Amino acid sequence: AQKITQTQPGMFVQEKEAVTLDCTYDTSDPSYGLFWYKQPSSGEMIFLIYQGSYDQQNATEGRYSLNFQKARKSANLVISASQLGDSAMYFCAMSQREYGNKLVFGAGTILRVKS
Amino acid sequence: ETGVTQTPRHLVMGMTNKKSLKCEQHLGHNAMYWYKQSAKKPLELMFVYSLEERVENNSVPSRFSPECPNSSHLFLHLHTLQPEDSALYLCASSQALGAGYTFGSGTRLTVV
Chain U
52 AQKITQTQPG MFVQEKEAVT LDCTYDTSDP SYGLFWYKQP SSGEMIFLIY QGSYDQQNAT
112 EGRYSLNFQK ARKSANLVIS ASQLGDSAMY FCAMSQREYG NKLVFGAGTI LRVKS
Chain W
2 ETGVTQTPRH LVMGMTNKKS LKCEQHLGHN AMYWYKQSAK KPLELMFVYS LEERVENNSV
62 PSRFSPECPN SSHLFLHLHT LQPEDSALYL CASSQALGAG YTFGSGTRLT VV
């Protein structure tokens, strides 16, 4: 079965500081992908970053980086230099070849950036 | 504009009404998806279409009926819904099954 766990229902961070959003996953499939999406109050899901299970290096996209620890089955999102516009819901998701590569989402973490 | 457009953005309907949600993508993607996002629950995959053929129906009640007339359009026809069907309905598309998804802004549905 596919399972994505986000244990932090909500997080606060001071503007300009870095924040880590946790994500752990459970799979026996050696081929999988891990995604992070941002959902502002408008409802749209915005793709942030992707990590493939065979990728040797951690993915980075601007201020976003993914701390991929394969042995621990964790894929934490690190946002550096937080901005007020980063306040949103953040979802971790996984796709597995075994399950037709469909995206399965975690419960999400609400991030609030304080000025 | 993400490239995936959903209409309407908001919909209020009675339990005896029939309505349709529309999703349109101009990204040249071959796969389209309907997700349901209820309060305090993870996103639930409802339907998957690949090359206009339904490839998955995740035990969704028959009061939800999808339609994919071509690779650019996806509909979700609604009839005799229940109040617990109130949710944000998100459409997504991808180049192929397994590729990155592009989501629309969603339709916020309220059933009264």
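Quick mapping for you: the protein sequence lines, in order, are chains U and W.
Going by my numbering, the first sequence opens with residue 52, and the numbers climb by one from there.
Going by my numbering, the second sequence opens with residue 2, and the numbers climb by one from there.
For glycine and all other residues, C-beta sits at the position ideal for the given N, C-alpha and C.
This one's a predicted model, so the numbers in the text were calculated from it and none came from an experiment.
For U/Y141, no CB of chain W lies under 9 Å from its own CB, so it is not counted at the interface with that chain. Contact annotation for W/L91 against chain U: G94 and M96 [CB-CB distance below 8 Å, chain order].
Here the stretch 6-20 of chain W makes no contact with the stretch 30-37 of chain W; the two share fewer than three CB pairs at distances below 8 Å. Residue pairing by DSSP puts W/L79 in a beta bridge opposite W/K20 and W/F65. Of all alpha-carbon atoms in U/S166, U/T160, U/K165 and U/Q134, the one lying nearest the alpha-carbon of W/K41 is that of U/T160. Of the residues assessed, U/D77 falls on the exposed side of the cut-off, its CB having fewer than 16 other CB atoms within 10 angstroms. Residue environment: U/Y105 is assigned as exposed (fewer than 16 neighbouring CB atoms within 10 Å of its CB, all protein chains considered). In the assembly as shown, W/L28 is an exposed residue. Its beta-carbon has fewer than 16 other beta-carbons within 10 Å. W/F48 and U/K153 have their C-alpha atoms roughly 10 Å apart.
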